[in-house]
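Visitor: What follows is a single structure, and I will ask about it in a moment.
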Amino acid sequence: MADPFPPMPRRAKGARPRFHDEPAIDRLVRICVGLASEVSVLADRLATLELLSGVGPDAVDRFVPDAAERARREARREALVARVFAALDDELDGLRRGAEDGDYWATVRRIEEGEV
Amino acid sequence: MKRIEEQEAHAALAFGDHDDRARADFAFTLRHHVTQHWMPGTRLVFDARARHAFRAARGRDPQSPDEIRQAMDADPWYRFYLSARRASQEAIWAAVVPPAERLGPMPMPQRPRGSLKLDPSVRAPAYMAAIDIHCMPGGYLLDRGEGDTAAGAVYDRGVYLYMSGLMGPRNDAVGRLAVAHLQARLPHFRPTRILDVGCGVGHATLPWAEAFPEAQVTGIDVGAALLRHAHLRAEAFGLGVEFVQADAEATPFPDGAFDLVTSAIVLHETSIRGLRRILGECHRLLAPGGVMLHVDQPPFDPDDPWATFLQENETHYNNEPFWRRFRHLDLAAEARAAGFGRVELGTLAAEVVRQSQNNAPDDPRARSRGFLALLAFRDG
Numbered sequence: 392m393a394d395p396f397p398p399m400p401r402r403a404k405g406a407r408p409r410f411h412d413e414p415a416i417d418r419l420v421r422i423c424v425g426l427a428s429e430v431s432v433l434a435d436r437l438a439t440l441e442l443l444s445g446v447g448p449d450a451v452d453r454f455v456p457d458a459a460e461r462a463r464r465e466a467r468r469e470a471l472v473a474r475v476f477a478a479l480d481d482e483l484d485g486l487r488r489g490a491e492d493g494d495y496w497a498t499v500r501r502i503e504e505g506e507v
Numbered sequence: 207m208k209r210i211e212e213q214e215a216h217a218a219l220a221f222g223d224h225d226d227r228a229r230a231d232f233a234f235t236l237r238h239h240v241t242q243h244w245m246p247g248t249r250l251v252f253d254a255r256a257r258h259a260f261r262a263a264r265g266r267d268p269q270s271p272d273e274i275r276q277a278m279d280a281d282p283w284y285r286f287y288l289s290a291r292r293a294s295q296e297a298i299w300a301a302v303v304p305p306a307e308r309l310g311p312m313p314m315p316q317r318p319r320g321s322l323k324l325d326p327s328v329r330a331p332a333y334m335a336a337i338d339i340h341c342m343p344g345g346y347l348l349d350r351g352e353g354d355t356a357a358g359a360v361y362d363r364g365v366y367l368y369m370s371g372l373m374g375p376r377n378d379a380v381g382r383l384a385v386a387h388l389q390a391r392l393p394h395f396r397p398t399r400i401l402d403v404g405c406g407v408g409h410a411t412l413p414w415a416e417a418f419p420e421a422q423v424t425g426i427d428v429g430a431a432l433l434r435h436a437h438l439r440a441e442a443f444g445l446g447v448e449f450v451q452a453d454a455e456a457t458p459f460p461d462g463a464f465d466l467v468t469s470a471i472v473l474h475e476t477s478i479r480g481l482r483r484i485l486g487e488c489h490r491l492l493a494p495g496g497v498m499l500h501v502d503q504p505p506f507d508p509d510d511p512w513a514t515f516l517q518e519n520e521t522h523y524n525n526e527p528f529w530r531r532f533r534h535l536d537l538a539a540e541a542r543a544a545g546f547g548r549v550e551l552g553t554l555a556a557e558v559v560r561q562s563q564n565n566a567p568d569d570p571r572a573r574s575r576g577f578l579a580l581l582a583f584r585d586g
């Protein structure tokens, strides 16, 4: 049966803010989030296939994880987000330690000059 | 703070297939990570870096929310965080739109307890059509014709994911807070005709029907697809509510038609002009001695410029055009200007509030913060 409704918009009305001077960076952030989402979906699908081993895609689509499996997946997704977006957390870790890495070439020079 | 407990299924809700669910689960996880891990990191970035850069340039610390913003906007971590946060919001809608889109025309219940009255002549206020609130594609007004519930299905799932499940399995935590506040403040008041203004899909409407089963409960909104979804949802939960398509600024009801007029996190999504008209309309609709109760975000705390800075981000980056101005308003004065004699302001503190207000979980001041309850009485 043909859907009588036109497609829904995928974009919200309202100009999208710019966060970086180079717009390509904002685009890359969106692409990274989109990729992370797709990787997460694939991982969930694999987990389901493993659980159901040997059954067809219809059964996978009907499968709804129970509370224990939902909790396991939530923990795994948390870890995935932390890995994919490690760039953000790494910098916070540096601030928490109270020290950011110094200039790389200054360190090279100190090593080359025998200061450390 | 999150609740893995799944949203309660009902006839109108669209979870989609396995991968739709997995995509929504990822959006849930990422949203929670943004609010609980990165958002508190903004303070660390400020203290460790942005504050010092500002001081080096200006000879003193940033004082006002705007100066904090200037300091933070210069920080590369913060910019990347904002960009990723915006993308996480878009990921919510990207996950929930496709299964809602596939619903097709939904049959309405044959013998409903409540009712649905749509009026195609209702014109939405300009502020509702100008920007899609919360970056929800199509906004509240998308209506593709008879039986279309997609905007409601999208919103219903989106609220659950956006609030990390803290609104409860029925997304009704704010409605429950409002009911509890009214019952605590006015334990002998038994409203018989209740109007929920800007009811959306009825998240905050149904708690009123549950709390006062003898009352006639009416919900109004301008979005037809929201109301179709609201009607299906209320019937699925066994509650009889009258849903009417109407503009809260000028409703079709006669003077004094209700003894309780309420709303939940609606007023901040209007405009300064719309807000004043809505308060005036609430006054007109109340019978003498009637009660108005609006629950919404509280005014900004002038002693906490950091919290104001963070929360103003909703206007800057999340399509909340009126949020910032709304939170600088004196709502008690606005209610008095609309004709209400006695006005009371209360604070409703709850876990769900801290999430919605962008408050850091480790900020002690956040614990005492809550939604604002604006309670006003029409003179008898």
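For the record, the sequence lines run as chains X and U.
Just so we're aligned: the first sequence equals residues 392 to 507 in our numbering.
Just so we're aligned: the second sequence equals residues 207 to 586 in our numbering.
Think of the CB as a built atom: it goes at the ideal place given N, C-alpha and C, for glycine as much as any other residue.
Which two residues bound the contiguous beta strand (DSSP E) that contains V302(U)?
Guide: V302(U) -> not in any beta strand (DSSP E); alpha helix (DSSP H) instead, spanning 282 to 307.
Visitor: Since G320(U) and A440(U) should fall inside the 8 Å C-beta cutoff, what is the C-beta to C-beta distance between them, to a whole number of angstroms?
Guide: 6 Å
Visitor: Going by other Cβ atoms of all chains shown within 10 Å of its Cβ, with 16 needed for buried, is T241(U) buried or exposed?
Guide: Result: buried.
Visitor: Tell me, please, whether the region 493 to 506 of chain X touches the region 285 to 294 of chain U by the rule of three or more beta-carbon pairs shorter than 8 Å.
Guide: no
Visitor: Drop a sphere of 10 angstroms on the beta-carbon of F437(X), count the other beta-carbons inside from all chains shown, and report buried for 16 or more, exposed for fewer.
Guide: The question names Phe, yet the displayed sequence has Leu at residue 437(X). L437(X) is exposed by the Cβ-count criterion.
Visitor: For a test of the three-state rule: what should DSSP assign to F454(X), helix, strand or coil?
Guide: F454(X) falls in the coil class under three-state DSSP.
Visitor: Any C-beta of chain U within less than 7 Å: which residues of the region 439 to 461 of chain X qualify?
Guide: Of all residues in the region 439 to 461 of chain X, T439, V451, D452, F454, R461 have a Cβ within less than 7 Å of some Cβ in chain U.
Visitor: Which residues of the region 476 to 489 of chain X have a Cβ closer than 8 Å to any Cβ of chain U? Give them in chain order.
Guide: F476, A478, L479, D480, E482, L483, L486, R487, G489
Visitor: Under 9 Å between C-beta atoms, does D272(U) make it to chain X?
Guide: No, D272(U) lies away from the interface with chain X (no Cβ there is under 9 Å from its Cβ).
Visitor: Can you give me, in chain order, the residues of the region 363 to 394 of chain U that have a beta carbon less than 7 Å from any beta carbon in chain X?
Guide: none
Visitor: Select from I339(U), T398(U), E557(U), G429(U) the residue whose C-alpha is nearest the C-alpha of W529(U).
Guide: I339(U)
Visitor: Do L401(U) and A463(U) have their beta-carbon atoms positioned less than 9 Å apart in this structure?
Guide: yes
Visitor: Under the three-state reduction of DSSP, which class applies to F577(U): helix, strand or coil?
Guide: strand
Visitor: Going by alpha carbons, who is nearest to V420(X) out of E214(U), V303(U), R285(U)?
Guide: R285(U)
Visitor: Starting from R500(X) and walking both ways along the alpha helix (DSSP H), at which residues does that stretch end?
Guide: DSSP places R500(X) in the uninterrupted alpha helix (DSSP H) bounded by 495 to 503.
Visitor: Under the three-state reduction of DSSP, which class applies to L161(U): helix, strand or coil?
Guide: As shown, chain U starts at 207 and ends at 586. That puts residue 161(U) outside it, with no answer to give.
Visitor: For a contact meaning CB atoms closer than 8 Å, what does D354(U) contact in chain X?
Guide: F396
Visitor: Considering just the uninterrupted stretch of the alpha helix (DSSP H) at H216(U), what are its terminal residues?
Guide: From DSSP, H216(U) is part of no alpha helix (DSSP H); its letter is neither H nor E.
Visitor: Using a Cβ-Cβ cut-off of less than 7 Å, list which residues of the region 402 to 413 of chain X approach chain U; keep chain order.
Guide: R402, A403, K404, G405, P408, F410, H411
Visitor: For a test of the three-state rule: what should DSSP assign to F515(U), helix, strand or coil?
Guide: helix
Visitor: Looking at the C-beta of T235(U), does it have a partner C-beta in chain X at a distance below 9 Å?
Guide: yes
Visitor: In angstroms, rounded to a whole number, what distance separates the CA positions of D272(U) and F396(X)?
Guide: 45 Å
Visitor: Decide if the region 512 to 521 of chain U is in contact with the region 264 to 279 of chain U; the criterion is three or more beta carbon pairs, one per stretch, under 8 Å apart.
Guide: yes
Visitor: On the DSSP bridge assignment, give the partners of T468(U) in chain order.
Guide: Under DSSP, the beta-bridge partners assigned to T468(U) are D402(U), L499(U).
Visitor: Can you tell me where the alpha helix (DSSP H) with V251(U) in it begins and where it stops?
Guide: 245 to 251
Visitor: In the structure shown, what three-state DSSP assignment does R317(U) receive?
Guide: In the three-state reduction of the DSSP assignment, R317(U) falls in the coil class, being assigned neither a helical nor a strand state.
Visitor: Quick one: what does DSSP say I416(X) is sitting in, helix, strand or coil?
Guide: DSSP places I416(X) in helix when its eight states are reduced to three.
Visitor: Below 8 Å on the Cβ atoms is my contact criterion, and I expect T468(U) with L499(U) to pass it. Report the Cβ-Cβ distance as a whole number of Å.
Guide: T468(U) to L499(U), Cβ: 5 Å. Contact.
Visitor: If we cut at 9 Å on Cβ distances, does R436(X) have a partner in chain U?
Guide: yes
Visitor: In whole angstroms, give me the CA-to-CA distance for A254(U) and H387(U).
Guide: 41 Å
Visitor: Is the beta carbon of A470(U) closer than 9 Å to that of H409(U)?
Guide: Yes. Within cutoff.
Visitor: How many angstroms separate the CA atom of D417(X) from the CA atom of R363(U)?
Guide: 26 Å
Visitor: Run the proximity test for L466(U): is its beta-carbon closer than 8 Å to any non-hydrogen atom belonging to the ligand ATP?
Guide: In the structure on display, the ligand ATP does not appear, and there are no ligands present to speak of.
Visitor: Could you give the distance in angstroms between the alpha-carbon of A393(X) and the alpha-carbon of G310(U)?
Guide: Only weak support is given to the placement of A393(X): the predicted model assigns it a pLDDT of 48, under 50, and the question is left unresolved by the model.
Visitor: For H224(U), is the classification buried or exposed, using 16 other Cβ atoms within 10 angstroms of its Cβ as the cut-off for buried?
Guide: Taking all protein chains in view, the Cβ of H224(U) is crowded by 16 or more other Cβ atoms within 10 Å, so the residue is classified as buried.
Visitor: Grab me the residues of A434(X)'s own chain with a C-beta within less than 6 Å of its C-beta, minus the 5 sequence neighbours each way, in chain order.
Guide: none
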